[in-house]
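Structure, as structure tokens:
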Amino acid sequence: MTVDIPLVNGTYSFTIKAYSEESFKKAIEFYKTFLLLEHRSDSATSALLFNGVVSLKIELQEDASKQREVDSVCEDLKANGSIKDWRGMVNESFVFKTGDILFSKQSLVDLKLPYQSYPNEVSPMQVYTIDPLGNVIGVTSTKNAVSTKPTHPSIPDHEGRTTALTSKVPSYGDLKSADSEPREKAVEASNVKAQKAIGIMTSGGDAPGMNACVRAVVRTAIHKGCRAYAIMEGYEGLVRGGPEYIKEFTWDDVRGWSSLGGTDIGTARCMEFKERKGRLKGAQHMIEAGIDALIVCGGDGSLTGADLYRSEWPSLVQELLETGVISQEQYDRYKHLNICGTVGSIDNDMSTTDATIGAYSALDRILKAIDYVEATANSHSRAFVVEVMGRNCGWLALLAGISTSADYILIPEKPSSSREWEEQMCGIVTKHRQRGKRTTIVIVAEGAITNDLEPITSKDVHKILSGKLGLDTRITTLGHVQRGGSPVAYDRILATLQGVEAVNAVLDSTPDTPSPLIAVNENKIVRKSLVDSVRLTKSVADAIQEKDFKKAMSLRDTEFIEHLNNFMAINSADHNEPELPSDKRLKIAIINVGAPAGGANSAVYSMATYCMSRGHKPYAIYNGWSGLCRHESVRSLDWASMLGWQSRGGSEIGTNRVTPEEADIGMVAYYFQKYQFDGLIIVGGFEAFASLNQLERARDSYAAFRIPMVLIPATLSNNVPGTEYSLGSDTSLNALVEYCDVIKQSASSTRGRVFVVECQGGNSGYLATSASLACGAQVSYVPEEGISLDQLTLDIETLDKQFEMSEGRNRFGKLILTSGNASKAFSAEALAKVMTSESNGMFEAKAAIPGHVQQGGLPSAIDRTRATRLSIKAVNFVEDQQDVMINARHDDDEFDVHDRKLSQTAAVLGVRGSHVLFTSVRKLWDTETEIKNRTPKIIHWQATRDIADRLVDRKRID
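Those letters in the sequence shown? Residues 61 to 1018, per our numbering, in order.
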């Protein structure tokens, strides 16, 4: 018999109770024989039966009086089998969908068990029997328990297996809407020694992306053959316990959660858990629920509690055993607890990780608010004091200051005396106003203090600006707006990848393994020590309270310190005396090449203002190489002309795809020689990469190119070799994900609707893959794989089956993402037509093409801040490489084009794993580039693609 489609509510793991040892053993044999469940593990008081999807736990709780009640129910049901409908005699029943109901009926005959057939014995559509525990068990071949129309046979997957699912009406009446995506399929169950039960909770302040983390944990746990539980209301749920607060979650329960802000499993402060008595209750309730691993998504306070909980766990369990609350068997099974942390906090105040879940979403809200405020500030020539969150961490204020080119910021990590900060702020604001700036933006972190630990409030700043400088000043306090809204794409992806890794971490853990914290360094998900991370984070607040601000700053990660130094450098621009002596000052050319990308203007602004602060003279080459060759479009940049560039989209200096060889490389060399450029910084995509390669290889012929040259990759395609991140890719991803959210809402509102969304990206599937993970698309097609007929057929069959089973339930829209170059034969429109034609009338597919909307509007927070960071590194690279090139620039005969040291002066600045690296363009072009396809040879995002498919249970043709 095959049990394959859920009916009522999508609950596929459940527990039933036996009240005598005899009925316990009989129940095990019944379910093994009738439903063909495999007896996976047991103890004297519990048994787990499993078939790869359906998980049934039978618990023995010996109670003679309750057993007599069960015996009475069984006798009553059997006695009335020929005259009454059993379904009307009980409060609940289990109903399974089967593909062969006659086989099920014959099994009952062979087992000599009583049964009832409906509507008749000859052609039954529903068959019911009684298990040894007094439960009415039914199997049916119809879509639901009241239908009279049989369903079609289940669709086997590409390996010939048939998915097995089950459904049940819970006794506590918490009905869930069923989805038709293939469910609790334990693909890797054979690798799990015993079925684990993994709990997930969100605690502390809510943060956008927490729901995506919960979704990833639940679905990955199920995929790994584990049971997933959500602890509602944080630690409060552990203390209260019971099915209301500790709920088993299924695949369906987290459908559509990636795009939801906040946390749908709740969070609350729990003072009781801070006491041992409360933690003892939590341990008891976890053991009662069968949970043996816990994943906590929260801030430093929540993770501190988690670490304390694990350290106390052995003594808590021992106390429960000694007081008789748990049995010896339960003690033996649950004496070790594995805990893993993921950081969900908008403050980004956790040491050892570059970003926390929700931080960039909060920063996005801040930047949008300041962008809006700046428009009205410019109209009235006003000053605005913007107060942002962050507690003892100034990360939000610092990065907001960089991203909006704010005039001044006040953060707790760098305090000064009242007189000093007032004088500094007034001096900078006055200089900016004297140079023609009409707006003044001052950002105040809520934890801002003086070096005497006196708070600095937005009102204090307002008083100084209006009183001393006479500015028309307004205060804007953003408050909890910073926490709200849908998470940005980065937070969705970060939360998802960390949730997946958290499950892997608890499954890898042993009783001796330290509790891990899932962190991110640059572009790499890593495991850190939870206790060490929490200790370092707490040390920052302690150092501030002790007025040891140097120590507090040193405890922040190096990127934070780098950001602060960058802000101070670009904020001074040409107002202060340059840092370098006159003989070290350079002429640096800046050019944009390729399609527009978010963050390109931020990069130009940052490198130009940093050049000014160092004493260099920045030159902009307008309209690419063709602008240089045709019109000599070269102009020096000054601070006043670039006001506002940091937050603008597109390219203020113009861009196109023409390379130097296409424009006239000889003319390029002529103008380089005319202006005596000492360095070149290119911002752009693959055409910029090709341009750098052409210039480097032309050094033998043109001495003007014997200067340090560096490329900052900037393209939504993210297809430049030498980096895993390109400016503009995050802005584009946000635009595409927002578009997909709207489209998916439309699909969910209309029954039987699929949207095929065409993504840009050229021959790179990065954008489609990342968007697929961020918005939960069912399928994505990319150029690296193409679209095979076998895979397309399987995807259509899966969609067909899913829509057949959905029965019009809510939030059931489906998305298909396809890269524009995924197939020469199948465009988005063609795919939609084929899918509609082959859907057997179950759904209709429509094409949706966002086009150049994907280039985005205003650059995202990540693109702005990374543009600044990479730009300053690029300028430093040009400075550092001057000594290497000084002899080669003036000696034609001695220049060696194959000299490795010289070739490394033309480099791509990229993010690889957890490092920011300069890589020789010659090396990248010769060894790591698919020149014909304009892509890197190594696909760095393949693992992301595998996870995206796994979390929607997409079947793949190998």
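Yeah, the Cβ is synthetic: ideal placement off N, Cα and C, and Gly gets one too.
Would a C-beta distance cut-off of 7 Å place residue i and residue j closer than the cut-off?
i	j	result
I190	L108	no
L363	V594	yes
Y295	F333	yes
K804	Q838	no
G654	A748	yes
S928	S632	A quick correction: the sequence has Thr, not Ser, at residue 928. No.
L646	G739	yes
A908	F815	yes
I430	A419	no
E756	A966	yes
E864	M902	yes
T896	E889	no
T323	M410	no
G744	G658	no
Rounded to whole angstroms, what's the CA-CA distance from residue i to residue j? Just pull it up for me.
i	j	result
D956	D760	8 Å
D392	P374	11 Å
Q344	A257	15 Å
G496	V842	49 Å
Q484	V718	46 Å
I351	G259	6 Å
G454	S371	31 Å
Q862	D551	29 Å
V797	C134	55 Å
A505	C486	18 Å
P515	I426	22 Å
L590	F746	41 Å
D572	I197	44 Å
R979	E990	Inspection of the sequence shows that residue 979 is occupied by Thr rather than by Arg. The alpha-carbon atoms of T979 and E990 are separated by roughly 17 Å.
D367	R329	17 Å
L776	A422	23 Å
L354	V403	14 Å
R336	T383	15 Å
G265	G359	7 Å
S599	V356	21 Å
S227	T327	With a pLDDT of only 31 at S227, under 50, the local geometry of the prediction cannot be trusted, and the value read off the model is given with reservation. One C-alpha to the other measures close to 29 Å.
I291	C400	15 Å
P472	K607	11 Å
F886	D850	14 Å
Rounded to whole angstroms, how far is the Cβ of residue i from the Cβ of residue j, which I believe are closer than 8 Å?
i	j	result
L984	G782	5 Å
A9	V278	The structure shown has nothing for residue 9, since the chain only spans 61 to 1018.
Y670	I725	Contact flag wrong, Cβ pair sits at about 29 Å.
L529	I417	In fact, because the Cβ distance is near 40 Å, the residues do not count as touching under 8 Å.
K582	H975	For the record, residue 582 in the displayed sequence is Glu; it is not Lys. The Cβ separation is near 6 Å, so the contact holds.
V274	V299	Wrong, their Cβ atoms sit about 20 Å apart, outside the cutoff.
T262	V563	In fact, because the Cβ distance is near 16 Å, the residues do not count as touching under 8 Å.
L833	A565	So it is not a contact: roughly 19 Å between Cβ atoms.
I648	V968	17 Å between Cβ atoms; not a contact.
L640	G675	4 Å
G559	G321	Not quite, the Cβ-Cβ distance comes to about 16 Å (not below 8 Å), so this is no contact.
E122	D414	In fact, because the Cβ distance is near 54 Å, the residues do not count as touching under 8 Å.
Answer with buried or exposed for residue i, where buried requires no fewer than 16 other C-beta atoms within 10 angstroms of its C-beta.
i	result
I621	exposed
N140	exposed
Y232	Any reading at Y232 must be qualified, since the residue scores a pLDDT of 24, below 50, and its modelled position is unreliable; no value is offered.
H623	buried
A807	buried
G911	exposed
P303	exposed
E308	buried
M331	exposed
R479	exposed
Unbroken beta strand (DSSP E) runs of length 3 or more, entirely within the segment 624 to 676: which are they?
647 to 653
Would you mind listing the alpha helix (DSSP H) stretches within the segment 472 to 549 that are 4+ residues and don't spill past its ends, in chain order?
478 to 494, 518 to 527
Threshold first: 3 residues or longer. Then list the beta strand (DSSP E) segments lying entirely within the segment 899 to 961, N to C.
904 to 908
Which ranges would you report for the alpha helix (DSSP H) in the segment 382 to 455 if only whole runs of at least 4 residues count?
388 to 394, 419 to 440
To test your reading of the DSSP string, which unbroken alpha helix (DSSP H) runs of 4 or more residues are found completely within the segment 85 to 132?
none
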